[in-house]
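Novice: Structure below; questions to follow.
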Amino acid sequence: MRDFSNDHHWLSINTATVRKQRGVEIPLDRIIDQCAERGIRAIAPWRDQVMAAGLDKTAKQLKAHGIGLSGYCRGGFYPAPDAAGLKAALEDNRRAIDEAKTLDAPCVVLVVGGLPGALEGKVAYKDIGRARSEVFDGIAASLEYAREVGMPLAIEPLHPMQAADRACINTLEHALDICDALDPQQTGMLGVALDIYHVWWDPKLEQQTARAGKQRLLAYHLCDWRTPTRDLLTDRAMMGDGVVELKKVRGWVETAGFEGFCEVEIFSSLDWWQRSGEETLDTCIERHRSCV
């Protein structure tokens with residue numbers, strides 16, 4: 001297992017972690033500067049932040065600072081109530097792939113979607129089997145274009161509590177089953193993003209991580225599980241402040257062959273989003289060295 005105790009060479013910051021600082025939305029260019037000031041070598045930006053800052057401008061700023069990407073957030077959200085909606089989802093994912101190419105990302109992370117309209121509280125249908133079928137077909141279609149341009153796709157299984165509204169793929173095993181069905185040759189073009197927050201509880205996590213192997217493990221996301229959790233979406237804990245055996249899980253991930261960045265992704269409306277970006281980033285660096 002890699003030794004992180006002396007540096008933060010393999011630390012990446014998902015920009016959601018510091019997109020709010022002291023409760024205020026911070027522009028992406030400032031976040032990039034803050035990371036560069038601390039010698040952080042990689043980030044994972046969100047599409048809305050990139051579009052607000054400007055795609056080409058962001059690409060130039062990253063290059064100027066020598067900062068790479070650990071992933072691009074996000075594609076997915078495939079299910080829809082009708083053919084027009086399904087087509088629109090595919091077109092949006094194609095744009096996400098093109099944006100990721102411009103930023104030289106290693107993969108597009110797919111949060112695949114759940115029941116259409118659930119996020120707004122107005123579901124178009126309740127058939128989760130249908131949603132999963134539309135996700136499968138959507139990934140298959142996106143993969144065709146991803147292969148053409150050389151941009152890997154990483155399916156991110158989300159915790160079952162988000163099956164209705166954000167992702168109806170909820171275990172690493174399910175995500176890998178889709179990978180095996182659509183990419184049986186393990187070409188490296190389709191894999192998974194393993195997010196501690198969503199999969200730490202899974203009794204098959206060690207087994208399925210080994211199954212994923214180097215070809216499928218495209219991204220690794222870090223935070224911790226707070227107890228008690230005060231909000232199921234925006235109360236992730238800083239590494240070391242929760243109950244996850246982080247070093248054990250990283251051992252499984254690296255034994256399986258993962259050698260990339262450990263990407264800190266913390267949604268924290270009641271804690272870290274109320275602090276300065278400097279404090280949050282400095283704590284990420286310290287915990288990366290001591291807890292991850």
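Quick note: the sequence shown uses UniProt numbering, first residue 1, plus one each step. All residues carry an ideal CB built from backbone N, CA and C; glycine is no exception. If you're wondering where the values come from, they're calculated on a predicted model, not measured in any experiment.
1) Helix, strand or coil for residue 94? Go by DSSP, reduced to three states.
2) Quick one: grab the DSSP three-state call for residue 126.
3) Residue 284 and residue 253: beta carbons closer than 7 Å?
4) Label residue 142 either buried or exposed according to how many other C-beta atoms from any shown protein chain fall within 10 Å of its C-beta, with 16 as the threshold for buried.
5) Would you say residue 154 and residue 209 are within 7 Å of each other, going by their C-beta atoms?
6) For residue 288, count neighbouring C-beta atoms within 10 Å of its own C-beta (all shown protein chains included) and say buried if the count is 16 or more, exposed if not.
7) In the DSSP assignment, find the unbroken beta strand (DSSP E) run with residue 191 in it and report its ends.
8) Can you tell me where the beta strand (DSSP E) holding residue 42 begins and where it ends?
9) With hydrogens ignored, establish whether the beta-carbon of residue 221 is closer than 6 Å to any heavy atom of the ligand PLP.
10) Taking residue 99 as the reference, which of 262, 51, 182 has the closest Cα?
11) Determine the DSSP secondary structure at residue 9, reduced to helix, strand or coil.
12) I'd like to know if the region 265-273 and the region 14-34 are in contact, where contact means that at least 3 CB-CB pairs between them fall below 8 Å.
13) Would you call the region 104-117 and the region 150-166 in contact, with 3 or more CB pairs under 8 Å?
14) Three-state secondary structure (DSSP) at residue 221?
15) Report the option in 10, 171, 192 whose CA atom is closest to the CA atom of residue 313.
16) Compute the Euclidean distance between the alpha carbons of residue 211 and residue 21, then round it to the nearest angstrom.
17) For the region 42-51 and the region 79-90, state whether three or more C-beta atom pairs, one from each stretch, are separated by less than 8 Å.
Specialist: On the basis of the supplied data:
1) Taking the sequence shown and counting its residues from 1, one reaches residue 94 at position 94. Residue state, collapsed to three classes: helix.
2) In the sequence shown, residue 126 corresponds to position 126, counting from 1. Of the three classes helix, strand and coil, the one that applies to residue 126 here is coil, per DSSP.
3) Stepping through the sequence shown from its first residue, residue 284 is reached at position 284. Stepping through the sequence shown from its first residue, residue 253 is reached at position 253. It is not a contact, given that the beta carbons lie outside the stated cut-off.
4) Along the sequence shown, one-based indexing puts residue 142 at 142. Buried is the call here.
5) Position 154 of the sequence shown, counted from the first residue, corresponds to residue 154. Position 209 of the sequence shown, counted from the first residue, corresponds to residue 209. Result no, Cβ atoms of residue 154 and residue 209 do not sit closer than 7 Å.
6) Residue 288 sits at position 288 when you count from the first residue of the sequence shown. Counting Cβ neighbours within 10 Å, residue 288 comes out buried, since at least 16 surround it.
7) Counting from 1 along the sequence shown, the entry for residue 191 is found at position 191. For residue 191, the enclosing beta strand (DSSP E) begins and ends at 190-195.
8) One-based indexing of the sequence shown puts residue 42 at position 42. Counted as a single uninterrupted DSSP element, the beta strand (DSSP E) harbouring residue 42 occupies residues 42-44.
9) The ligand PLP is not among the ligands present in this structure, which contains no ligands whatsoever.
10) By 1-based counting over the sequence shown, the position of residue 99 is 99. Among 262, 51, 182, the Cα nearest to that of residue 99 belongs to 51.
11) On the sequence shown, position 9 is the one that residue 9 refers to. Note: residue 9 maps to coil in three-state DSSP.
12) yes
13) These segments touch.
14) To locate residue 221, count along the sequence shown from 1; it is residue 221. Note: residue 221 maps to strand in three-state DSSP.
15) For the chain, the structure presents residues 1 to 292; residue 313 sits outside this window and is missing.
16) As a working note, residue 211 is residue 211 in the sequence shown. As a working note, residue 21 is residue 21 in the sequence shown. A direct Cα-Cα distance of roughly 39 Å separates residue 211 from residue 21.
17) no
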